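What follows is a short report on a single structure.
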Amino acid sequence: MLKRAPLFLSAVIALSLSACAGGVGGAAAPSLAHRPVEGRFNVAPPTVVVTPPGPLPADLVGRLARWESDAAAAQQAFAAARGGTAALVAAAAGAPVASERWVVAQQAISRLIAARAPLTGALADIDRLYLDRSIDAVVDGLPDIYALRDRLADTASTQDAVIEALSRQLPE
Numbered sequence: 001m002l003k004r005a006p007l008f009l010s011a012v013i014a015l016s017l018s019a020c021a022g023g024v025g026g027a028a029a030p031s032l033a034h035r036p037v038e039g040r041f042n043v044a045p046p047t048v049v050v051t052p053p054g055p056l057p058a059d060l061v062g063r064l065a066r067w068e069s070d071a072a073a074a075q076q077a078f079a080a081a082r083g084g085t086a087a088l089v090a091a092a093a094g095a096p097v098a099s100e101r102w103v104v105a106q107q108a109i110s111r112l113i114a115a116r117a118p119l120t121g122a123l124a125d126i127d128r129l130y131l132d133r134s135i136d137a138v139v140d141g142l143p144d145i146y147a148l149r150d151r152l153a154d155t156a157s158t159q160d161a162v163i164e165a166l167s168r169q170l171p172e
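Residue 137 in UniProt numbering sits at position 137 of the sequence shown; the count goes up by one each step and never skips.
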């Protein structure tokens, strides 16, 4: 069997090389030039006219103003509670889990989270409005809605970072 392996291998190589050389001396190789039939599909795509979004509809102006006001009030409440919470967390930093100082610090963090509830509620309502209008392809006012959503999301993200930093200071 081992004596036949080199013979078999050389036969396979010879056959594969002869297949490659078949086009050189025989028939002409196919051309890669464009054929006339290929040009008939070169059609310019139809132009789509996209109308820019119009102004914010009157029925949404009041809702967006209310959500912005709620978010501002939540930010003020969060800022007012932040200093006291930071002090309680600092006092509980070395305390064991479930000790009195640790529980008081956890409660302060919970109150800080609750203070931002109007902001997160407004953000959820804006997200719902934005998605509903996007799905219904109603583009009027979308830039204003998205701009407010962006501002509120930035505020929420900053608050998340503060809460996470305070939570990390407490032992688990």
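Backbone N, C-alpha and C fix where the C-beta goes; we use that ideal spot for every residue, glycine too. Keep in mind it's a predicted model, so treat the numbers as computed, not measured.
- Contact between A108 and L88 holds, since their C-beta atoms are separated by about 4 Å, short of 8 Å.
- In the DSSP assignment, F41 falls outside any alpha helix (DSSP H) and carries neither an H nor an E.
- Closest in alpha carbon position to S110, among V97, D127, A98 and A81, is A81.
- Minimum Cα-Cα distance from L129 among the listed residues L119, T120 and I145 corresponds to I145.
- The C-beta distance from R149 to D127 rounds to 7 Å, short enough to meet the 8 Å contact threshold.
- Between E172 and V97, the CB-CB gap stays under 8 Å.
- Restricted to the region 35-100, the alpha helix (DSSP H) segments that are unbroken, complete and at least 4 residues in length are 58-91, listed in chain order.
- Pairing L119 with Q169 gives a Cβ-Cβ distance that is not under 8 Å.
- By the beta-carbon neighbour count (other beta carbons within 10 angstroms, threshold 16), A65 is exposed.
- Taking a 10 Å sphere around the C-beta of T158, we find fewer than 16 other C-beta atoms and assign the residue as exposed.
- Taken atom to atom, the span from the alpha-carbon of G39 to that of L32 is near 14 Å.
- Using a 10 angstroms sphere on the CB of T155, the tally of other CB atoms reaches 16 or more, which defines it as buried.
- Secondary structure of P143 (DSSP, three-state): helix.
- Nearest Cα to A73 within the set G121, S10 and G94: G121.
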